Structures are given as structure tokens and as C-alpha cells.
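Novice: Each residue of the sequence shown is one higher than the one before, starting from 827 at the first, in the working numbering.
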Amino acid sequence: METCYHCGDTCPEPAIAHQEKSFCCNGCKTVFDILNENDLTYYYDLQATPGKTPLDFEGRFDYLDNQNIIDQLLEFDEQETQVVSFVIPNIHCSSCIWVLENLDKLHPAVKSGLVNFPQKSIRISYDSSEICLKELVLLLCRIGYEPNISLEDFSKKEKNIDRSLIYKLGVAGFAFGNIMFLSFPEYFEVSEFWLDEFKFLFRWLMFVFALPVVFYSARDYFISAYKGLRVGILNIDVPIAIGILVLFLRSTLEIIMDWGTGFFDSMVGLVFFLLLGKFFQQKTYAFLSFERDYKSYFPIAVTQLIKSESAVDEDTCVSQSEPTETKRIELQTPVYEIQPGDRILIRNHELIPTDGILMKGNALIDYSFVTGEAAPVAKKLGDKIYAGGKQKAGIIEIDVTKAVEQSYLTQLWNNEVFSKTKATTFENLTDQISRRFTISILSIAFVATIIWLFLDPSKAFNVFTAVLIIACPCAIALAAPFTLGNMLRIFGKQQLYLKDSSLIEQMAQIDTVVFDKTGTLTSHQKNLIVYKGVTLTENEQQVLTSTLRASNHPLSRALYEMLQSQGICTLDNFSEVTGKGVVGVYGSTSVKAGSYAFVGRGEQEEDATNTEVHVSTNDEYKGSYVFYNNYREGMEALFSEMSNTAELVILSGDNDGEKNYLKSILPKSAQLKFNQKPDDKLNFIEALQQQGKKVMMIGDGLNDAGALAQSNIGIAVSENVNVFSPACDGIIDASKLKELPAFMSLSKASVRVIKYAFIFSLFYNLIGLGFALTGNLLPVVAAILMPLSSISIVIFTTLSTFLLGRKFNF
827 METCYHCGDT CPEPAIAHQE KSFCCNGCKT VFDILNENDL TYYYDLQATP
877 GKTPLDFEGR FDYLDNQNII DQLLEFDEQE TQVVSFVIPN IHCSSCIWVL
927 ENLDKLHPAV KSGLVNFPQK SIRISYDSSE ICLKELVLLL CRIGYEPNIS
977 LEDFSKKEKN IDRSLIYKLG VAGFAFGNIM FLSFPEYFEV SEFWLDEFKF
1027 LFRWLMFVFA LPVVFYSARD YFISAYKGLR VGILNIDVPI AIGILVLFLR
1077 STLEIIMDWG TGFFDSMVGL VFFLLLGKFF QQKTYAFLSF ERDYKSYFPI
1127 AVTQLIKSES AVDEDTCVSQ SEPTETKRIE LQTPVYEIQP GDRILIRNHE
1177 LIPTDGILMK GNALIDYSFV TGEAAPVAKK LGDKIYAGGK QKAGIIEIDV
1227 TKAVEQSYLT QLWNNEVFSK TKATTFENLT DQISRRFTIS ILSIAFVATI
1277 IWLFLDPSKA FNVFTAVLII ACPCAIALAA PFTLGNMLRI FGKQQLYLKD
1327 SSLIEQMAQI DTVVFDKTGT LTSHQKNLIV YKGVTLTENE QQVLTSTLRA
1377 SNHPLSRALY EMLQSQGICT LDNFSEVTGK GVVGVYGSTS VKAGSYAFVG
1427 RGEQEEDATN TEVHVSTNDE YKGSYVFYNN YREGMEALFS EMSNTAELVI
1477 LSGDNDGEKN YLKSILPKSA QLKFNQKPDD KLNFIEALQQ QGKKVMMIGD
1527 GLNDAGALAQ SNIGIAVSEN VNVFSPACDG IIDASKLKEL PAFMSLSKAS
1577 VRVIKYAFIF SLFYNLIGLG FALTGNLLPV VAAILMPLSS ISIVIFTTLS
1627 TFLLGRKFNF
């Protein structure tokens, strides 16, 4: 069987032959011609069959004729230069980058194209006087790179990148280098005329370099300490702020009183290493969005039908007794402008953006992304249709009953759970230790000062400040950032992308894991189909395959993909009853495929828990093809491993047709709940949390968004991380879901590394306290001991996390 030269799909019989090559459709042939005519056939040398079969785009981008929408999408629009950016999920390799950055060869009006591969986006500069935005989008579609244009793009704001940490780190690093250079001679008390002559100048220069570090680079630590104390929390920033402040004040006093050079080098080094740890921890996946909502799923515009009295031609005479024909004009309208009472047109495979009443056409709505229910739902005229479903059976017309912001789906985002900050309910390990550490150090400082007031009052002040200086928990504060920062990168390499590193600590505390079923445990890409009934003859199978090939119903397409090897024929007759079934006739053989009632001549349909396509030939019932969800590889092993450390729950919006199968692969203690609406899922997780449970939710669709937000950690499963995923704390590639137990074990191992690092840093603190309590803490000792402890912790955590990453074989 031949494969398409452009996209690699199997070609129908007969294939489209062109220039000694085979193509599956005219779309692929057209793309090849475009590339060939513009000397871009090198595209096929970069990767075999790199294209994607073009779909029917007629009418889909008519909203790009609306200037208001165009203005919102354009990033720059002056004279003959327009700039626009699109997300293109189909960018996947070097050949994609190459062809997209050579768009100017496909159309001279395109000035340049710059691909951002991690973000799967392209920034295009073009001349709108020669090519409009709609034509540009269609050009991209014809070569297999359809842009993902959503409602989110209509209200998008320019992203402000916060570079303040980089600036603060730069200031601290610059000051650290200069102060170390200026203070180095005094470490060894070098006697040299010019050094003695200018040492006061050098000391005041160190003071000048220290000022921006204290008042700019370190200000976040003072702010955080103040906020913590105001609410009665001794976080890690409290002892850090005390240490920085004492270092600065004592050093300033020493140079004013000419007692010595002070500890400016240690203070600035402390701030530099702390900021370095924070920078290292601030790993983000800029190409992913963890805060998506319905806006990134909804279309930017919809086809609105406007009533209009048909114009009468001037050359035509119409009797007054004839009624004036009323027709509707199609107008592309931004979805935010759609109001109750408007009528909208929804084409095949378009998403319904708002609630309404079906007024015309046959509706077959796929609500799987909203409810989790896998089977499409047939609707009759007058039935209510909810936002978020996708039409699967031709054109329909809907009378709008609610504006977009008031629809059932968008109301999910009005729940207060989406405005909560999860971090406020979680105290990390560092803050837990710092509370005890701060009290201990202050106690030691005051007790030591009192003792020295009796022994030698002249040393009391030095001892008090020395204890606060040497015990500043720099090493403790670095343990978590470097450990978790390293782990965040290891997780990312294994395709679990977390929003921030603190989630790794939270993952170690999880005791209950809740799974959605449809799209999470099961795959969207294919179904397991089993035939039950009388064996079909070869001729019957051929007619059935040809009948299914002519239908656009999703079940028909899925079944056709399985049966297409049976061969096809040219049907004598074909008809389709939307939402019920299809009929194909070839010669003396008539085949019906669809619901039981449709093929069984009106007999009562049995209560089936699985999706089925029933078949009859020449009005004789034969059997049915049963569609089972195709569970992802490794789910049974996943449940077995996780049951040792966490309670397992299955929450599904689907029916309980596969309850027995799930029970067979789940531990006996697992809970199973079916027919769960989005609110039910959210409320169930909230109830678990009220029992003191730490809950992780694993889901994939809009119906899981509330549950993902309510849970302590919400992980979205995606078969393409650059396509839509609901608001979440992390995104895991579907192929890596089976590795979830390894990720959880690795998170617990990370916490152990942090604890060992704390013990390691305590060793340095004890050595330093020995100098401080005896009043022998010299600047050179602090300058060696404090950076050494920081560097040791960095090396220890880096090596430990590296070895842990190697140990867990993903």
C-alpha cells in the first residue's frame, strides 16, 4: 500500500499520482507544488514525509476579515509593515523551522519569519497591502501549519518579564568582586606605605559598594522578614535579615571608629550567594502556560446570522401580494459581542462558545472536554446546548441564551478556588527549621552576651554581633533552592513540567491521588474496537468499509481506520441520518451502521454501557463493534506502585461501563466514582482536604479545572504539552504518566537531601560559633568560613541530586 510523499499517511486506492510521486489528497499535492515552484523541495530532504494532511479551511478564518479582530492580533501596524505572532502546535523539528523561516519564498509579501521553537510560535513580518492577515493564515494552513488562534489572543497583554532578580544579582556580584579586591591586603596585614596611606579610602569605598547591596539587592529579605514577623511567622528570611543588618551596622561602626575593615566582604558575599540560589531555583518553562482557562480554548470569533429583508432588484417587478423573503446575512463577530437573542452558525468541528437553543440542523455534540463523557450527544430542535461542546455533524444554527461570560462553562472560573493561593497553606521545610533555628541563635547570642558582661564587658558587644553574623543561615537557605532547582530540571527532562520548585516539596507530602479517567488514564488517539456478532462476508465488509468512509461521524472515522484494509468500492447509494447512522448500497448488498434502533428496524435499544456501532446487512441484524477506551500503557503497574504510599481515587465524568475492568487493575482500597460533574469533582477533593488529606489531582480537560485548582497539586496530562491544557500546577506528557510513582519517590528523596544539607551546614555553624563565643571572630575567618559553607552546600546538593536522577531509571 502506497504512502503519501508529503504527509506519510496511507493513500487511498487509487492514489493521486503527480511527478512520479503518490499523494493521499489534493491538499498534499498542492503543498508539494507550492514548495516545488519556489525551490523549497529541500524541505523533504530534512525529514521524510514531514507534512501534515491539510484540512478543509473554507470559512474557518472568515473572522480575519473583521478589522477590530485584526487590530487585536497585530503586534505592530505602521505603513507597509505589519507584525503578528502565532502559536503553531505542529512545529516539531528542524524541517518545520526551515520552511516557516522561508515563507518569503512562498509569498513575496512576507518579509520575515522567526520561529521560537520552545514556545512553538512564529513571529511574521509582512506587507498588508499585498497579503491580508487571512491570506497569510491560509498560506500557513496549506503547508500544514495551522495557527492556534483563540479567544485568549483577543485580550492578550504584553508579557512583562521580571528581570529584577538578575539586576540585583548583578549588583551584588559586582560589589562582591570589588570589595574582595579592596579588602584582600588587610587579610594578611601587609605593611606597605601606600596601602597604609589609603586604607581609609579603601574602607570607605567598600562602604559605598555595600550600600546598593543592602538597600537594593537585599531588600526583598528585609521585606519578607517584616511581613513574616507582622503575622507572627519566623520564616528563613528573619535570621538572614538580622545577619545582613548586623554585618552592615557593625562593619560601618568599625570603619567609623577605625577599629578595622569590618565584614563588608562577608555581607556582600552572603547576599550574592543567596541571590544566586534564588536565581538557580527560579527555573521556569516559558514555553508552557500553567494558567490557561476557557479563553485559550474558545474561538476568537463566531459567525453571527443577522436578519435582513432581501433587496429587490430594480429590474424585477414583484407583486405586493407576495411575501418579502427574509434572509440572514453571515457576519464574523467577536465572541464577546454575542448577546442573548443573537443567532449564531456553528460549522462542522467548530466549538460552541456559549449556551443556546438548537434552531436548525442536526447536532451531534462532543462534550468530552467539558464533562469527560466520551460519547457524542445527539440533540433535537429546541434542545438546550451548552458552551464547550464541539459540533460533529454538519452546520447548525443556535439562538444564544447567555453571553460568553455567563455560560455554564465560564461559570466554572467564577469559583473562588481559582483565586486562592496554594502557597499560603503550605509551610516548606526551610521555614519549619528556621523557626527553631532563629529562636536558638537569638538565645545563644543573649546568653553569651550576658556571660561576657561578667567576664569581660569590652568583648560583650563583639560576641553578640559575632554570633549573629556567623550563625546567619546562608548555607541552610541555599540547601532547598539548589536541591529543588536541580530536581526541577530533572523532572523537566523527563517531561513533567512543574510551575515552580516548591511543588516538589509538596509532592513529597501527598497521601491521596485522584485520577480522572477519560483522556487521563485513557488515550485520545485511538480506541480499542471489538466486533461481537455474526461474521461478515468479504463483500459485506467491503461495503461497510466504503459506507463508513463516506461519513464524517467520529465513530465512523475511527471504525473506518480499523477496517480500511478490507478494501473499498464505489457505492451505488449513500445516505446518513445525523445522530443515528449511515446506509450504503452496492449492487444487491445494503449495509446499515449506527444505533441499535436504527439498524434493528425500530426494536427497543438495549441499555449499553459501552459505545457501540451496530451493523445490519439487507435488513438482517449482524452484530456490533464495541468501542472500549484504550488505556495508556503501564496503568496497572502505576496503580500497584502508588497504592503502597497513597490512597487512590478514580473520578470520572463518564458512565460506569468499565467499572469492572478498573476494579481488576486497581487495589481493593481504591474508590471509584462515575458520572461526576465538574462541581462534583471539586467538592469531593475539598471534602478530602477537610479530612486532613494532601491531595494530588491528575486530569486533562476543562471539566477537571476546578478539581485541579482545588487540589494541593494539580497535574494536567497532555499528549501535546503545547496544545491546550487546563489551569494547573504542572503538565506531564501522557507517555510519562506511568512514571508518576518514580517522580513521587524522587520528590521524597529530594526532601531527604535537604535535611542532610541542613545537618551539613550545622557543622559549619558550630565551628563558627566556636570563634564567635570566644570573641576571636576576625574578618578573614568570616570571609573564609561563610563562602566555604555556601560552596560546600552547593556542591553537596548538586552531586546528590545528580546521583538521584541517575538512580531512578525512567
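Glycine included, C-beta positions come from ideal geometry on N, C-alpha and C. Note that this is a predicted model, so its numbers are computed, not measured.
Mind pulling the alpha helix (DSSP H) runs of 4 or more residues that sit fully within the stretch 1492 to 1528?
Specialist: Fully enclosed alpha helix (DSSP H) runs of 4 or longer: 1504 to 1516.
Novice: Secondary structure at residue 1289, three-state DSSP: helix, strand or coil?
Specialist: Helix, per DSSP.
Novice: State the CB to CB distance for the pair residue 1224 and residue 1182, rounded to an integer number of angstroms; the pair is presumed to be in contact (CB under 8 Å).
Specialist: Confirmed, about 4 Å.
Novice: Buried or exposed: which applies to residue 1361, given that a residue is buried once 16 or more other Cβ atoms fall within 10 Å of its Cβ?
Specialist: Under this definition residue 1361 is an exposed residue.
Novice: On the DSSP letters alone, give me the boundaries of the beta strand (DSSP E) that residue 1473 sits inside.
Specialist: Element bounds for residue 1473: 1473 to 1477.
Novice: Look at the Cβ atom of residue 1213, then the Cβ atom of residue 1178, and state whether they are nearer than 7 Å.
Specialist: A contact, by the Cβ cut-off of 7 Å.
Novice: Who are the near neighbours of residue 1409 in its chain, counting only those whose CB is closer than 6 Å to its CB and skipping five residues on each side?
Specialist: The answer, listed in chain order, is 1401 and 1418.
Novice: Out of 1030, 1001 and 1545, point me to the one whose CA is closest to residue 778's CA.
Specialist: As shown, the chain starts at 827 and ends at 1636. That puts residue 778 outside it, with no answer to give.
Novice: Is residue 1105 closer than 7 Å to residue 991 when the C-beta atoms are compared?
Specialist: Closer than 7 Å, so yes.
Novice: Quick check on DSSP: helix, strand or coil for residue 1342?
Specialist: Residue 1342 falls in the strand class under three-state DSSP.
Novice: Is it buried or exposed for residue 1364, if we count other Cβ within 10 angstroms and need 16 for buried?
Specialist: Classification for residue 1364: exposed.
Novice: Out of 1210, 1629, 1308 and 914, point me to the one whose CA is closest to residue 1328's CA.
Specialist: With distances taken between Cα atoms, residue 1328 lies closest to 1308.
Novice: Within a Cβ cutoff of 7 Å, which residues of the same chain sit near residue 1229, ignoring the five residues on either side of it in sequence?
Specialist: Answer for residue 1229: 1164, 1165, 1166 and 1180, listed in chain order.
Novice: Taking residue 1169 as part of the alpha helix (DSSP H), name the residues at either end of that continuous run.
Specialist: Looking at the DSSP string, residue 1169 is not in any alpha helix (DSSP H); the run it does join, the beta strand (DSSP E), is 1169 to 1172.
Novice: On the DSSP letters alone, give me the boundaries of the beta strand (DSSP E) that residue 1185 sits inside.
Specialist: Here the beta strand (DSSP E) through residue 1185 covers 1182 to 1186.
Novice: Which residues does DSSP pair with residue 864 in a beta bridge?
Specialist: Answer is none; residue 864 lacks a bridge partner.
Novice: With a Cβ-Cβ cutoff of 7 Å, do residue 1354 and residue 1487 count as a contact?
Specialist: No, the Cβ-Cβ distance between residue 1354 and residue 1487 is not below 7 Å.
Novice: Taking only the alpha-carbon atoms, compute the straight-line gap between residue 1189 and residue 1172 and give it to the nearest angstrom.
Specialist: Straight-line Cα distance between these residues: approximately 10 Å.
Novice: What are the partner residues of residue 811, as DSSP defines its beta bridges?
Specialist: There is simply no residue 811 to check, as the chain begins at 827 and stops at 1636 in what is shown.
Novice: Can you list, in chain order, the residues of its chain with a C-beta nearer than 6 Å to that of residue 1691? Leave out the 5 residues immediately preceding and following it.
Specialist: The structure shown has nothing for residue 1691, since the chain only spans 827 to 1636.
Novice: Do residue 906 and residue 955 come within 7 Å of each other at the CB atom, strictly closer than that value?
Specialist: A contact, by the Cβ cut-off of 7 Å.
Novice: Please classify residue 1489 as buried or exposed, where buried requires at least 16 neighbouring CB atoms within 10 angstroms.
Specialist: Residue 1489 should be labelled exposed.
Novice: Is DSSP giving residue 1004 helix, strand or coil here?
Specialist: Helix.
Novice: Starting from residue 1223 and walking both ways along the beta strand (DSSP E), at which residues does that stretch end?
Specialist: It spans 1222 to 1226 - the beta strand (DSSP E) in which residue 1223 sits, taken as one unbroken run.
Novice: Below 7 Å between beta carbons: does that hold for residue 1222 and residue 1187?
Specialist: Contact: yes.
Novice: Is it true that the CB of residue 1520 sits closer than 7 Å to the CB of residue 1337?
Specialist: The answer is yes: Cβ separation under 7 Å.
Novice: If you compare alpha carbons, which of 929, 1004, 995 and 1311 is closest to residue 941?
Specialist: Of the listed residues, the one whose Cα sits closest to residue 941 is 929.
Novice: Could you please give the first and the last residue of the uninterrupted beta strand (DSSP E) stretch that includes residue 887?
Specialist: Segment: none, residue 887 is in no beta strand (DSSP E) and carries neither H nor E.
Novice: For residue 1525 versus residue 1342, is the C-beta distance shorter than 7 Å?
Specialist: Against a cut-off of 7 Å, the Cβ pair of residue 1342 and residue 1525 comes out as a contact.
Novice: Would you decide whether residue 1126 is buried or exposed? Buried here means 16 or more other CB atoms lie within 10 Å of its CB.
Specialist: Per the 10 Å Cβ criterion, buried.
Novice: Assess contact between the stretch 1495 to 1512 and the stretch 1367 to 1377, defined as three or more Cβ pairs (one per stretch) separated by less than 8 Å. Is contact present?
Specialist: As far as the Cβ criterion goes, the stretch 1495 to 1512 does not touch the stretch 1367 to 1377, which means the pair count is below three.
Novice: With the cut-off set at 7 Å, would you say residue 931 and residue 866 are in Cβ contact?
Specialist: Against a cut-off of 7 Å, the Cβ pair of residue 866 and residue 931 comes out as a contact.
Novice: Are the beta-carbon atoms belonging to residue 1416 and residue 1407 less than 7 Å from one another?
Specialist: It is not a contact, given that the beta carbons lie outside the stated cut-off.
Novice: For residue 1160, write down the residues that DSSP places opposite it in a beta bridge.
Specialist: DSSP lists 1127 as partners of residue 1160.
Novice: Assuming residue 1008 and residue 1032 are in contact, meaning their beta carbons sit under 8 Å apart, how far apart are those beta carbons, in whole angstroms?
Specialist: That pair is a contact at about 5 Å.
Novice: On the CB-based measure, 16 or more other CB atoms within 10 Å of its CB, does residue 1262 come out buried or exposed?
Specialist: Exposed: under 16 other Cβ atoms inside 10 Å.
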